[in-house]
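In terms of mature numbering (1 follows the signal peptide of the UniProt record, and there is no 0), the sequence shown is residues -17 to -1, 1 to 138. Every residue gets a Cβ at the ideal spot worked out from N, C-alpha and C, and that includes glycine. Below is one structure; the comments refer to it alone.
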Amino acid sequence: MLWALTALALVATVALAATRGRAWWDARATEQAQNDALAAGRQLAVNFATIDYRKVDEDTDRVKAGATGEFLSSYTAQLADLKKVIVDNKSVSKVERSEAALVDGDRDSATVIVGLIAPTSNTVVPSGEKKTYRTKLGLRLVGEQWKVERLEFVG
């Protein structure tokens, strides 16, 4: 009888440890994914707001590399017009500060809000002015890389 109770206690302990261990592992994996999505969202927003007419192809290729789904389709469809405007206006924008916050997320999707301050110059404002943007990014894990599938400016 003592052996049976000991075995039962051992099985219950192992079952409890396995359940708790799995929950702990799931929580840590989700937390890591959220941290990765937050960092990626910040960088992807910076990439989007950083542009220089002298290297417009490099800058837009970097945005496309971090895009997927609806955003990639929309960005690609408008890219020729966008490049023309950037080059014709000699636009330069470089982010000097960014702040990001996770709205929600799990292990393969996330929503991030990113605030940016980007000094911007062009033919209309050659001396430049500081522009402030607030973007909401819908992110999706594609393979092992977080990519933007939706980007919108928010107030």
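Min CB distance residue i to chain D below 7 angstroms
i: K66; result: Among the protein chains of the structure shown there is no chain D, as only one such chain exists.
From the options, residue whose alpha carbon lies closest to that of residue i
i: I34; options: V68, W129, K119, L134; result: V68
i: L85; options: V75, D91, V97, E79; result: V97
i: E82; options: A(-9), T115, S57; result: T115
i: S76; options: E53, D89, S104, A63; result: S104
i: L134; options: G111, V108, S56; result: S56
i: R118; options: V(-7), A63, V131, T(-12); result: The question names Arg, but residue 118 is Thr in the sequence shown. When each option's Cα is compared against that of T118, the closest is V131.
i: T51; options: G138, F136, V137, Q128; result: Q128
i: D19; options: F136, V125, V137, G138; result: V125
i: R80; options: V107, K113, G49; result: K113
Backbone CA spacing between residue i and residue j [nearest angstrom]
i: L21; j: V95; result: 6 angstroms
i: A(-9); j: R5; result: 20 angstroms
i: Q61; j: K47; result: 12 angstroms
i: A(-14); j: V(-4); result: 15 angstroms
i: S74; j: Y58; result: 18 angstroms
i: Q17; j: R90; result: 7 angstroms
i: F136; j: L99; result: 11 angstroms
i: K38; j: P109; result: 18 angstroms
i: residue 171; j: A10; result: The structure shown does not extend to residue 171, since the chain is modelled only from -17 through 138, so no value can be given for it.
i: A23; j: N72; result: 29 angstroms
i: R3; j: A(-11); result: 20 angstroms
CB-CB length for residue i against residue j, believed under 8 angstroms
i: L65; j: A93; result: So it is not a contact: roughly 26 angstroms between Cβ atoms.
i: Y36; j: V70; result: 5 angstroms
i: P102; j: G111; result: 5 angstroms
Is the stretch 15 to 32 touching the stretch 41 to 54, taking contact as three or more C-beta pairs under 8 angstroms?
-> yes
What are the start and end residues of each continuous beta strand (DSSP E) run of 3 or more residues lying completely inside the stretch 109 to 133, in chain order?
-> 112 to 125
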